[in-house]
Amino acid sequence: PPPPPPLLGSSSGVREATGLAELLAVCEHDRQFVSKSLGKVLSAQQLKQVEAVLQRLPLVTLHWKLSQTGTSEAKRATTSAAVVRKALREREWIPVRAGDECVVTVELTRTCLRGKVHPSDRHAHAPRFPKAKDEGWWLVLGEVDSGELLALKRVGFIHGRPTARGPGKTKVSLGFPAPPYACRKIYSVYLVSDCYLGLDQQYELSVEVMEDQEGTGKDEASSREERKENEENEEASRSPCSSPEFSCSDD
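Numbering-wise (our numbering), the sequence shown opens with residue 964 and increments by one.
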């Protein structure tokens, strides 16, 4: 049988890259990484082709904020991206009011190793695909523990009007209702590529649902009963043949 493909890297102190995302991250800091790693395996022409493809592959960064709008009042509370990032590191819980409509606004920025994004970068590198394939993404919001899918949106080619401060940005909003009872939830935000393997991203959003201080017309016993019923419904809705991460409800 043919020998397995070599790992990108060497035993001489060069960092190894075992996936596409890691390869792009390494090349972002060391532009000679591919030639140093595969110079003895590929020809000069092949190295040039590989580097040309890597130069145009997407490097996507995400920033977001979590906001909530009460159903009975016009007040609007916003949790900044800095607070969210701190919560991801230290598992601090972001407070929201029970029953409120919440919105996760995701800001996407696409760059590449080349620096400037060209209009032709809209087409994904797919030489064996029968026709031109546009680069696309899915934004997914859900809860892994319960397998519940909360929001799903299709995102096309990430672009925007460049400014003096940097490349253009694409904004996408994902809405979901907070549970009607006090609890803690860990939601996951996924950015999924529809054409490249290994470029997906996942982030956790830790939310603490608080009872409305002004009261909701329910006493504590009723709230506990509703919470118990909701948990039982979530448990019953799990299916052994569903996706290990998300499954849509039958509603």
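Glycine included, every Cβ here is placed at the ideal spot set by N, Cα and C.
Residue i: first and last residue of the uninterrupted alpha helix (DSSP H) it sits in
i	result
F996	F996 to L1001
Nearest to residue i (by Cα), restricted to the options the options
i	options	result
L917	D993, V1152, L1029 and V1004	Nothing about residue 917 can be reported from this structure: the residues present for the chain run from 964 to 1214 only.
V1058	K1148, A1089 and Y1153	With the sequence shown as reference, residue 1058 is identified as Pro, and Val is not the correct amino acid for it. Out of K1148, A1089 and Y1153, K1148 has the C-alpha closest to the C-alpha of P1058.
R1085	R1091, K1079, K1096 and L1076	K1096
R1060	Y1144, T1072 and K1134	Y1144
L1022	L986, G1002 and S1000	L986
T1133	I1121, F1139 and P1142	I1121
K1028	V1135, C1158 and E1111	V1135
Extent of the continuous beta strand (DSSP E) to which residue i belongs
i	result
R1117	E1111 to V1118
H992	Note, H992: premise wrong, no beta strand (DSSP E); alpha helix (DSSP H) at L983 to H992.
I1121	No beta strand (DSSP E) contains I1121, which DSSP labels as neither H nor E.
P1142	Run containing P1142: none; DSSP gives neither H nor E here.
L1025	L1022 to T1032
DSSP three-state assignment for residue i, whether helix, strand or coil
i	result
V1004	coil
E1014	helix
E1174	coil
E979	coil
P968	The pLDDT assigned to P968 is 49, lower than 50, so where the model puts this residue is not dependable; a value taken from the coordinates is nonetheless given after this. Note: P968 maps to coil in three-state DSSP.
Closer than 9 Å to chain D by CB, residue i
i	result
L1071	The structure shown has no chain D; it contains just one protein chain.
Residue i beta carbon near the ligand FAD (any heavy atom closer than 8 Å)
i	result
S998	With respect to small molecules bound, the structure shown includes none, and the ligand FAD cannot be examined in it.
Per-residue burial, residue i [other beta carbons within 10 Å of its own, 16 or more giving buried]
i	result
A980	buried
R1091	exposed
A1037	The pLDDT assigned to A1037 is 32, lower than 50, so where the model puts this residue is not dependable; a value taken from the coordinates is nonetheless given after this. With fewer than 16 other Cβ atoms within 10 Å, it is exposed.
G976	Summary for G976: the model assigns pLDDT 47, below 50, so the residue's position carries little reliability; its value from the coordinates is reported in the next sentence. G976 should be labelled exposed.
D1063	buried
V1004	exposed
R1054	exposed
L1137	buried
E1098	buried
L1102	buried
Q1031	buried
| task | With a floor of 3 residues, list each beta strand (DSSP E) that falls wholly inside the region 1051-1113, ordered by position along the chain. | result | Taking 3 residues as the shortest admissible run, the region 1051-1113 contains the following complete beta strand (DSSP E) segments, listed from N- to C-terminal end: 1057-1060, 1064-1074 and 1100-1106.
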